[in-house]
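Q: Residue numbers (this note's numbering): 2 to 367.
Following this message is one structure expressed as structure tokens.
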Ligand code: OGA
Ligand code: ZN
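Shown next as structure tokens:
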């Protein structure tokens, strides 16, 4: 990819394809200190106030720089690299390819917590691992003083919910959610009744004295791609039917209508939602419902099957960070008579991990 000039026009040449760059596009990228606050990198001018008929009066191109004088009298020396960078898709979650996995996945790549890990290369690698597999496990994370909040806020910002800034997952009397019992939790995604659904869940093991209570994970992306291949009719109805997810307690009613498999505008995987304790399908035609129920049963079978589910025990200090739009998680039953089982959880959003990854890339020159 390179920049080329022809008379007073700037072109982007990419694999034999030549396209003119709009002069206004360049004009609003003027980056001298008269135009950009050098500390915040924010514009000091409002481009909507510029005249529309911006043209180029004079041009000069060297290896690294493009000099432009515009017809409103402004001049700028652009770094060619910066212009080219804008044409490359710079979003990590799109650039780091997802690796589909099933029960044969060996969890080997764990990251030990260390002082100041949030500014180190190991955090960068952990985040790349997260984008590939949809989860990453940190070991030996301090378990005192609700450290999970600290941890989350060192990557980005905690996404608070009506369960609080963080929540304690332990068996307790009068629970407002089955998570706060010793019952097994089949693979599910958290909080599908919220809009937007929390993107990333952190679960930190504080105590685990029981023999049961194993943690489970399923790659919802892999399962939905398998469903698409093997049961296209089922896949279709799950991607097309919006169901009502709801949560009700004494202080709030949360409802969100969404598909169990949500696709993006290109028809590609975007998000799974699955929590059969709190989904309500609308009263659609009987034939459609017939198909929907079979489809839901099938995807539930796949999510719960040994083919896709990994099972492992969290020990105190383990902190798992998982993509709540891609993965399902759960736990096996445990017996409260055997001792304590205590996890703490909280949520963060995608801008936290993406922002951190870009920051680390910049700081560490990766
Ligand atoms: C939850 C949950 C899993 C566990 O709190 O949302 O799924 O291991 N907990 O207790
Ligand atoms: Zn959960």
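Even glycine gets a Cβ: it sits at the ideal position worked out from N, Cα and C.
In this text the structure is predicted, and so the values were computed from the model without any measurement.
Tell me whether residue 319 is buried or exposed, calling it buried when 16 or more other Cβ atoms sit within 10 Å of its Cβ.
A: Here residue 319 refers to the residue found at position 318 when the chain shown is read from its first residue. The residue is buried, with at least 16 neighbouring Cβ atoms inside 10 Å.
Q: At a cut-off of 7 Å, is residue 205 close to the ligand ZN when judged by its beta-carbon and the heavy atoms of the ligand?
A: Working through the chain shown from its first residue, we reach residue 205 at position 204. The answer is no for residue 205.
Q: For residue 331, verify whether its CB is less than 7 Å away from any heavy atom of the ligand FMN.
A: You won't find the ligand FMN in this model; what it holds is the ligand OGA and the ligand ZN.
Q: Please classify residue 219: is it buried, with 16 or more other beta-carbons within 10 angstroms of its beta-carbon, or exposed?
A: Looking up residue 219 in the chain shown gives position 218. Counting the other CB atoms within 10 Å of its CB gives residue 219 a total of 16 or more, which places it among the buried residues.
Q: Indicate whether residue 84 and residue 72 have their beta-carbon atoms separated by less than 8 Å.
A: Taking the chain shown and counting its residues from 1, one reaches residue 84 at position 83. Taking the chain shown and counting its residues from 1, one reaches residue 72 at position 71. Against a cut-off of 8 Å, the Cβ pair of residue 72 and residue 84 comes out as no contact.
Q: Would you list, in sequence order, the uninterrupted alpha helix (DSSP H) runs of no fewer than 4 residues that lie entirely inside the region 320 to 360?
A: none
Q: If contact is defined by three or more beta carbon pairs under 8 Å, each pair taking one atom from either stretch, is the region 140 to 154 in contact with the region 205 to 222?
A: yes
Q: Is the beta carbon of residue 367 less than 8 Å from the beta carbon of residue 125?
A: For the purposes of this step, residue 367 is identified with residue 366 of the chain shown, where counting begins at 1. For the purposes of this step, residue 125 is identified with residue 124 of the chain shown, where counting begins at 1. Cβ distance < 8 Å, so residue 367 and residue 125 count as in contact.
Q: First and last residue of the beta strand (DSSP E) that includes residue 296?
A: Locating residue 296 in the chain shown gives position 295, counting from the first residue. Counting along the chain, residue 296 falls outside any beta strand (DSSP E), though it belongs to the alpha helix (DSSP H) covering 287 to 305.
Q: Can you grab the Cα-Cα spacing for the pair residue 113 / residue 129, in whole Å?
A: By one-based count along the chain shown, residue 113 stands at place 112. By one-based count along the chain shown, residue 129 stands at place 128. Looking at the two C-alpha atoms, the distance is approximately 15 Å.
Q: Answer yes or no: the CB of residue 346 versus the heavy atoms of the ligand OGA, is any distance below 7 Å?
A: Stepping through the chain shown from its first residue, residue 346 is reached at position 345. Within the cutoff, so yes.
Q: In angstroms, rounded to a whole number, what distance separates the CA positions of residue 288 and residue 238?
A: To locate residue 288, count along the chain shown from 1; it is residue 287. To locate residue 238, count along the chain shown from 1; it is residue 237. Near 12 Å, if we compare the C-alpha coordinates of residue 238 and residue 288.
Q: Who pairs with residue 76 in a beta bridge, going by DSSP?
A: Here residue 76 is taken as the residue at index 75 of the chain shown, counted from 1. 70, per the DSSP bridge assignment.
Q: Between residue 187 and the ligand ZN, is there a pair consisting of the residue's CB and a ligand heavy atom that are separated by less than 7 Å?
A: As a first step, residue 187 is located in the chain shown; it is residue number 186 there, counting from the start. Checking the Cβ of residue 187 against the ligand ZN gives no.
Q: Restricting to Cα atoms, I'd like to know which of 59, 351, 43, 38 is closest to residue 7.
A: Residue mapping note: residue 7 aligns to position 6 of the chain shown, counting from 1. Considering only alpha carbons, the answer is 59.
Q: Any heavy atom of the ligand OGA closer than 7 Å to the beta-carbon of residue 170?
A: Along the chain shown, read from residue 1 onward, the residue named residue 170 stands at position 169. Between the ligand OGA and the CB of residue 170, the shortest heavy atom gap is smaller than 7 Å.
Q: Whole angstroms is fine: what's the gap from residue 306's alpha carbon to residue 184's?
A: Along the chain shown, read from residue 1 onward, the residue named residue 306 stands at position 305. Along the chain shown, read from residue 1 onward, the residue named residue 184 stands at position 183. Residue 306 and residue 184: Cα-Cα distance of roughly 19 Å.
Q: According to the neighbour-count rule (16 or more other Cβ atoms, all chains shown, within 10 Å of its Cβ), is residue 15 buried or exposed?
A: The residue given as residue 15 occupies position 14 in the chain shown. Its Cβ having fewer than 16 others within 10 Å, residue 15 is exposed.
Q: At 4 residues or longer, and completely inside the region 165 to 233: list those alpha helix (DSSP H) runs for me, N to C.
A: 221 to 231
Q: Since residue 254 is in the beta strand (DSSP E), which residue starts that stretch and which ends it?
A: The sequence position of residue 254 within the chain shown is 253, counting from 1. Counting along the chain, the beta strand (DSSP E) containing residue 254 begins and ends at 254 to 259.
Q: Which whole-angstrom value describes the C-beta separation of residue 222 and residue 101, a residue pair presumed to lie in contact below a C-beta threshold of 8 Å?
A: Translated into positions along the chain shown, residue 222 becomes position 221. Translated into positions along the chain shown, residue 101 becomes position 100. So it is a contact: roughly 6 Å between Cβ atoms.
Q: Applying the criterion that 16 or more other CB atoms from any shown protein chain within 10 Å of the CB defines a buried residue, is residue 69 buried or exposed?
A: Taking the chain shown and counting its residues from 1, one reaches residue 69 at position 68. Buried: at least 16 other Cβ atoms inside 10 Å.
Q: Is residue 242 near residue 264, with beta carbons less than 8 Å apart?
A: Along the chain shown, read from residue 1 onward, the residue named residue 242 stands at position 241. Along the chain shown, read from residue 1 onward, the residue named residue 264 stands at position 263. Their beta carbons are not under 8 Å apart, which means residue 242 does not touch residue 264 by this criterion.
Q: Pick out whichever of 146, 29, 351, 251 has its Cα sitting closest to the Cα of residue 45.
A: Locating residue 45 in the chain shown gives position 44, where the first residue counts as 1. Comparing Cα positions, the closest option is 29.
Q: Can we count residue 191 as close to the ligand ZN, meaning its CB is less than 7 Å from some heavy atom?
A: On the chain shown, position 190 is the one that residue 191 refers to. Checking every heavy atom of the ligand ZN against the Cβ of residue 191, one is found closer than 7 Å.
Q: Please state whether DSSP places residue 83 in a helix, a strand or coil.
A: Counting from 1 along the chain shown, the entry for residue 83 is found at position 82. Helix, per DSSP.
Q: For residue 33, does the count of other Cβ atoms within 10 angstroms reach 16, so buried, or fall short, so exposed?
A: Translated into positions along the chain shown, residue 33 becomes position 32. Per the 10 Å Cβ criterion, exposed.
Q: Please report the distance separating the alpha-carbon of residue 257 from that of residue 335.
A: Against the chain shown, residue 257 aligns to sequence position 256. Against the chain shown, residue 335 aligns to sequence position 334. Between residue 257 and residue 335, the C-alpha separation is close to 31 Å.
Q: Assuming residue 171 contacts residue 363 under a Cβ cut-off of 8 Å, what Cβ separation, rounded to an integer in Å, is found between them?
A: For the purposes of this step, residue 171 is taken as residue 170 along the chain shown, with counting starting at 1. For the purposes of this step, residue 363 is taken as residue 362 along the chain shown, with counting starting at 1. Between residue 363 and residue 171 the Cβ distance is about 40 Å, and since that is not below 8 Å, they are no contact.
Q: DSSP on residue 162, reduced to helix/strand/coil?
A: As a working mapping, residue 162 is identified with position 161 in the chain shown. Residue 162 falls in the strand class under three-state DSSP.
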